[in-house]
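Structure representation (structure tokens):
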């Protein structure tokens, strides 16, 4: 039988997939707006941190959230739109 501390260590060793935590701004089941907002927040954060010369690692939380919530086809489309300068959001 495995001790409790050994079980905790074993759990910590396994990589648990990231899921976006509850966000009270988006309380309903459709998470489309939450996905979109975190995508925008990630790129805004990168832009601000780069301008200020600060560590951009602080923006990773937004990246994890939108990667967890958004379909990859949407992210690919938005990335392409950003490159072309046609992305509808304000970053």
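Numbering (my numbering), first residue to last: 32 to 122. Backbone N, C-alpha and C define an ideal beta-carbon position, used for all residues, glycine too.
ask   = How many Å lie between residue 101 and residue 83 at the Cα?
value = Taking the first residue of the chain shown as 1, we reach residue 101 at position 70. Taking the first residue of the chain shown as 1, we reach residue 83 at position 52. Distance between the alpha carbons of residue 101 and residue 83: 28 Å.
query = Which of the three DSSP states, helix, strand or coil, is assigned to residue 62?
reply = In the chain shown, the residue the question calls residue 62 occupies position 31. The three-state reading of DSSP puts residue 62 in coil, since its state is none of H, G, I, E or B.
The stretch 53–64 contacting the stretch 106–116, beta-carbon criterion three pairs below 8 Å = no
key: Nearest to residue 86 (by Cα), restricted to the options 112, 94 and 77   = Indexing the chain shown from 1 puts residue 86 at position 55. Taking only the C-alpha atoms, the option nearest residue 86 is 77.
query = What's the C-alpha gap between residue 121 and residue 71?
reply = Reading the chain shown from its first residue, position 90 is the one you call residue 121. Reading the chain shown from its first residue, position 40 is the one you call residue 71. Going from the Cα of residue 121 to the Cα of residue 71 covers about 8 Å.
query = Looking at residue 95 and residue 53, is the spacing between their C-beta atoms short of 7 Å?
reply = Locating residue 53 in the chain shown gives position 22, where the first residue counts as 1. Locating residue 95 in the chain shown gives position 64, where the first residue counts as 1. No, the Cβ-Cβ distance between residue 53 and residue 95 is not below 7 Å.
request  = Taking residue 110 as part of the alpha helix (DSSP H), name the residues at either end of that continuous run.
outcome  = In the chain shown, residue 110 corresponds to position 79, counting from 1. Unbroken alpha helix (DSSP H) run through residue 110: 103–115.
ask   = Under the three-state reduction of DSSP, which class applies to residue 121: helix, strand or coil?
value = Mapped onto the chain shown, residue 121 falls at position 90. In the structure shown, residue 121 sits in coil (DSSP, three-state: anything other than H, G, I, E or B).
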